[in-house]
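A short write-up of the structure that comes next.
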Amino acid sequence: AQRESVEPLEHISPSYSHSPPPSRAPVPPPTTAASAQSYLSDLLHLPPSRAFSPDLALQILTHKSYRYAHLIRHNHPRSRDRYEREPRRDFGVQAAQGEETEGPSSVSHNARLSFLGRRALNTYLALFLHSHLRTDRGLREVDFLRGKGLDEKMKAMTHVNNLGRDVGGQWGVGDVMRWDRNEAGIPNAGLKIRGLTVESILGGVFSEFGSAAAHRAFHLHLLPHLSEQLRDPVLLERAEVMRAQVEREAGGGVV
């Protein structure tokens, strides 16, 4: 009987071979006070005369987990010895040339600014919705709520994970925010902290430049990235009209 031919092993398709392990995403360089200031000025189109101070810019981008983790490592005997030998490279605030640092706890975290930004964001979103959907009938006639109550819908839109994905992703905050990367094993930790950083940026604008500037930042830089969740053509059109109006009146900046 005629034997079946067997293909030699060296002719087996490469698709059956073991693929190399996936490469890790590169870790962005440490954020310094100067780079934090530059990032926020570029994002918000701030003129040099109205830029955040370097210390405030760094605070805006610093999550409390960063300070806590670095303080613990700094206070551990082995870590403290290493810190004293190489303070800026390993543990302390990454200082720009000519800038002094007092160690890992010298810069405040952004929890207070995130709280402030969260309240401002909810206020501005409520004002936008109520100004264009003035009646219960108006709410029912647009394709926005999808069977949810208005409060429930607003909470979903402004949830930190949602902000981190839709706004923080567009802003690139993941490359500049300072946080304890050991939390990366916690589900959605990076997404949540990106969202908290978005809130902190808005809170920083509110704290430094006032409500009018923060309101402009909302229409210019936040609401456009949440537009897919507005769904209804009427709301989408109004959001774009408001963005264009604010941009025309403020020249593209928030101050």
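Per the UniProt record's numbering: the sequence shown = residues 1 to 255.
We put the CB at the ideal spot given by N, CA and C, even for glycine.
I'd like the list of long-range same chain contacts for residue i, defined as Cβ closer than 6 Å, with 5 residues on each side in sequence excluded.
| i | result |
| --- | --- |
| PHE218 | TYR124 |
| VAL160 | LYS192, GLY195 and LEU196 |
| VAL255 | ARG50, PHE209 and ALA213 |
| VAL120 | Note on identity: in this sequence residue 120 is Ala, with Val being the wrong assignment. For ALA120, where only same-chain residues beyond five positions count, the Cβ hits under 6 Å are LEU202, PHE206 and ALA214. |
| ARG89 | Residue placement at ARG89 cannot be trusted, given a pLDDT of 32 that sits under 50; what the coordinates show is reported in the next sentence. Counting only Cβ-Cβ distances below 6 Å, and skipping sequence neighbours, we find nothing. |
| GLY253 | HIS45 |
By a C-beta neighbour count over all protein chains shown, 10 Å radius and 16 as the cutoff for buried, is residue i buried or exposed?
| i | result |
| --- | --- |
| GLN37 | buried |
| GLN59 | buried |
| ASP54 | According to the sequence shown, residue 54 is Pro rather than Asp. Buried. |
| VAL173 | buried |
| GLY251 | exposed |
| LYS148 | exposed |
| ARG216 | buried |
| ASP166 | buried |
| SER114 | buried |
Going by the DSSP bridge assignment, what does residue i pair with across the sheet?
| i | result |
| --- | --- |
| THR62 | ARG178 |
Considering Cα atoms alone, identify which of the options is closest to residue i.
| i | options | result |
| --- | --- | --- |
| ARG178 | HIS109, LEU43 and ARG238 | HIS109 |
| SER207 | LEU43, GLY117 and ALA111 | GLY117 |
| THR31 | ASP232, HIS63, GLN170 and MET154 | HIS63 |
| GLU199 | VAL234, PHE52, LEU222 and MET242 | LEU222 |
| LEU226 | GLN170, GLU152 and GLY204 | GLN170 |
| ARG231 | MET157, MET242 and SER114 | MET157 |
| LEU56 | HIS45, TYR39 and ALA33 | ALA33 |
| LEU235 | SER35, ALA126 and PRO29 | ALA126 |
| residue 307 | ALA111, ASP42 and TYR39 | Lying before the first or after the last residue shown, residue 307 is absent from the chain, which here runs from 1 to 255. |
| MET242 | GLY253, GLN229, PRO224 and GLU228 | PRO224 |
| ASP180 | LEU163, GLU152, LEU61 and ASN162 | LEU61 |
Where does the unbroken alpha helix (DSSP H) through residue i begin, and where does it stop?
| i | result |
| --- | --- |
| GLY190 | 189 to 209 |
| ALA120 | 111 to 132 |
| ALA51 | Run containing ALA51: none; DSSP gives neither H nor E here. |
| PRO233 | 233 to 250 |
| LEU44 | 33 to 44 |
| LYS155 | 150 to 157 |
Going along the chain, which residues of its own chain have a beta-carbon closer than 7 Å to the beta-carbon of residue i, five neighbours each way excluded?
| i | result |
| --- | --- |
| ARG238 | HIS132 |
| GLN229 | MET157 |
| HIS130 | none |
Does the beta carbon of residue i sit closer than 9 Å to a beta carbon anywhere in chain E?
| i | result |
| --- | --- |
| TYR124 | Structure shown: chain E not included; a single protein chain is present. |
Could you pull out every residue in the same chain whose Cβ sits closer than 8 Å to the Cβ of residue i, ignoring the five residues on either side in sequence?
| i | result |
| --- | --- |
| GLU247 | LEU220 |
| ASN122 | MET154 and THR158 |
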